[in-house]
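Peer 1: Residue numbers (this note's numbering): 388 to 813.
Built from N, CA and C at the ideal position, the CB exists for glycine as well.
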Ligand code: ADP
Ligand code: ZN
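#1: Alpha carbon to alpha carbon, how far is residue 585 from residue 510?
#2: Which same chain residues, not among the five before or five after residue 661, have their C-beta less than 6 Å away from its C-beta?
#3: May I ask you to report which of helix, strand or coil DSSP gives residue 651?
#4: So residue 643 and residue 490 are supposed to be a Cβ contact under 8 Å. How far apart are they, rounded?
#5: Would you tell me roughly how many angstroms separate the C-alpha atoms of residue 567 and residue 761, rounded to the nearest one?
#6: Can you round the beta-carbon distance between residue 554 and residue 537 to whole angstroms, since I take them to be within the 8 Å contact cut?
#7: Using the C-alpha atoms, what's the distance from residue 753 back to residue 484?
#8: Would residue 460 and residue 482 be called neighbours here (beta carbons separated by less than 9 Å)?
#9: Return yes when at least one heavy atom of ligand 2 lies under 8 Å from the C-beta of residue 631, else no.
#10: May I ask which residues mark the beginning and end of the alpha helix (DSSP H) holding residue 337?
#11: Less than 8 Å between the CB of residue 680 and some heavy atom of ligand 1, yes or no?
#12: In angstroms with no decimal places, state the Cα-to-Cα distance between residue 429 and residue 411.
#13: Does DSSP put residue 736 in a helix, a strand or coil?
#14: Do you know whose CA, among 468, 524, 598, lies nearest residue 727's CA?
#15: Report whether the distance from the Cβ of residue 781 to the nearest heavy atom of ligand 1 is below 8 Å.
#16: If you run the structure through DSSP and keep just helix, strand and coil, what is residue 752?
#17: Mind reading off the beta-carbon distance from residue 621 to residue 667? Whole number of angstroms is fine, and I expect it under 8 Å.
#18: Kindly confirm or deny that the segment 685-705 and the segment 622-634 touch, where touching means at least three C-beta pairs closer than 8 Å.
#19: Assuming residue 387 contacts residue 590 (C-beta within less than 8 Å), just tell me the rounded distance between them.
#20: Kindly identify the DSSP beta-bridge partner or partners of residue 589.
#21: Could you spell out where the alpha helix (DSSP H) holding residue 682 opens and where it closes?
#22: To the nearest whole angstrom, what separates the beta carbons of residue 705 and residue 595, a pair I think is in contact under 8 Å?
#23: Would you say the beta carbon of residue 450 comes nearer than 8 Å to a heavy atom of ligand 1?
#24: Where does residue 781 fall in DSSP's three states?
#25: Nearest to residue 652 by CA position, among 588, 469, 601, 680, is which residue?
#26: At the level of alpha carbons, what is the spacing between residue 791 and residue 707?
#27: For ligand 2, is there any heavy atom lying closer than 8 Å to the beta carbon of residue 429?
#28: Between residue 624 and residue 524, how many whole angstroms is the CB-CB distance? I'm expecting something under 8 Å.
#29: With a threshold of 8 Å, establish whether the CB of residue 605 neighbours any heavy atom of ligand 1.
#30: Look up residue 483 in the DSSP assignment and give the residues it is bridged to.
#31: So who's on the other strand from residue 345, going by DSSP bridges?
#32: By the three-class DSSP mapping on this structure, what secondary structure does residue 576 have?
#33: Whose C-beta lies closer than 8 Å to the C-beta of residue 488 among residues of the same chain, with five residues either side of it excluded?
#34: Quick check on the DSSP output: the alpha helix (DSSP H) that includes residue 551 runs from which residue to which?
#35: In the structure shown, what three-state DSSP assignment does residue 396 receive?
So, in structure tokens, the structure goes:
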């Protein structure tokens, strides 16, 4: 399946899509109405490209149909519920049939295998267990490939590090921010993750992070850091980079991905960045057609050097609604991270504080300076500050004020980090 020629994957996708559309038109009042309103009948879907005729779904559709009005499975057939983190508002509920759970597990099993993990590995799962999809998702995926699972969940970081050492964990799944925190706590305990543990892979995701951050994590902790992606509406984390680390394989038999211009809803040119829109081809309890995830990225359809033919999602640069508008200029937190991580004196932690002074937006970036670079001499710090401000102005085209703070003084996060504090009352 993973090395199937693209044309064959697309034929398979078309068959799945066609069957799904008939099913929803017949059994889902929500989709029936939406399709009627858009003047599209299942008979109109005559090729894979016809997916573009179908109506979109957005997050507010899930909120408006809270908790389970979009489910089409009978209550008896719902095997599990999860709830989204609620990063952008009221959390939404998602449901799974047994089949959905098994496809989700399989998707992660394929993902973990593709980044070189399997039997013999000890995988520490430090995503939250419970309503959040990360913990249980990775747990079953890791079990499925025959690895030994260490279900630590989040928190109790010192104990996690002891267990990582004692049980010789070879891989860890968590948010990149939590791994940074673990690295620091380990150092305080006198343990170097690089030299004193068996850890060799990180399965990191659930929040945006940059290539520069990957390089820092890899060289500091002595591991390979793989990007994993998903959202609760897709099932949870589902897709991960392979050992090539050149994009996240989206299994075509499970998901059909489109990249759209967020303003017009039209497909962007191949390779261009836009809003990810995903159709889940096999989900039963809660089908998702053309779901506008809100994340921004691009997709590469070229075959991967690993041999897998499934398209590769490039790094997610943020969410459509992550974008800060500072004095009329669009700024993404990932652009800031990208610029900062290229400066050796800057540590891994920063915070963006946006405020309004009079009629003007004001952006303050608080940055931890590396211990080695932190100096008692005001002039040294002033030089670093000026350098950082210059780099940011070049990268963002808008001035940001920079405050240098001591290493360890900004908040740390166990799950998704909150890098932006927006104090503007709009
Ligand atoms: P919520 O939308 O409430 O945070 P989820 O817990 O389902 O709900 O989180 C999914 C979101 O997390 C994605 O839409 C995306 O914005 C973010 N995310 C997940 N994995 C990644 C990743 N690898 N890179 C960037 N963002 C990610
Ligand atoms: Zn690959």
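Peer 2: A quick look at the data gives this:
#1: 11 Å
#2: 646, 647, 648, 655
#3: coil
#4: Going by Cβ atoms, the distance from residue 643 to residue 490 rounds to 14 Å, so no, they are not a contact pair.
#5: 19 Å
#6: 6 Å
#7: 45 Å
#8: yes
#9: yes
#10: Nothing about residue 337 can be read from this structure; the chain reaches only from 388 to 813.
#11: yes
#12: 9 Å
#13: strand
#14: 598
#15: no
#16: strand
#17: 6 Å
#18: yes
#19: No information on residue 387 is available, as it lies outside the stretch 388 to 813 that the chain covers here.
#20: 559, 612
#21: Per DSSP, residue 682 belongs to no alpha helix (DSSP H); it is in the beta strand (DSSP E), 678-684.
#22: 5 Å
#23: no
#24: helix
#25: 680
#26: 29 Å
#27: no
#28: 5 Å
#29: no
#30: 467
#31: In the structure as shown, the chain begins at 388 and stops at 813. Residue 345 is therefore absent and cannot be evaluated.
#32: coil
#33: 466, 467, 527
#34: 544-553
#35: helix
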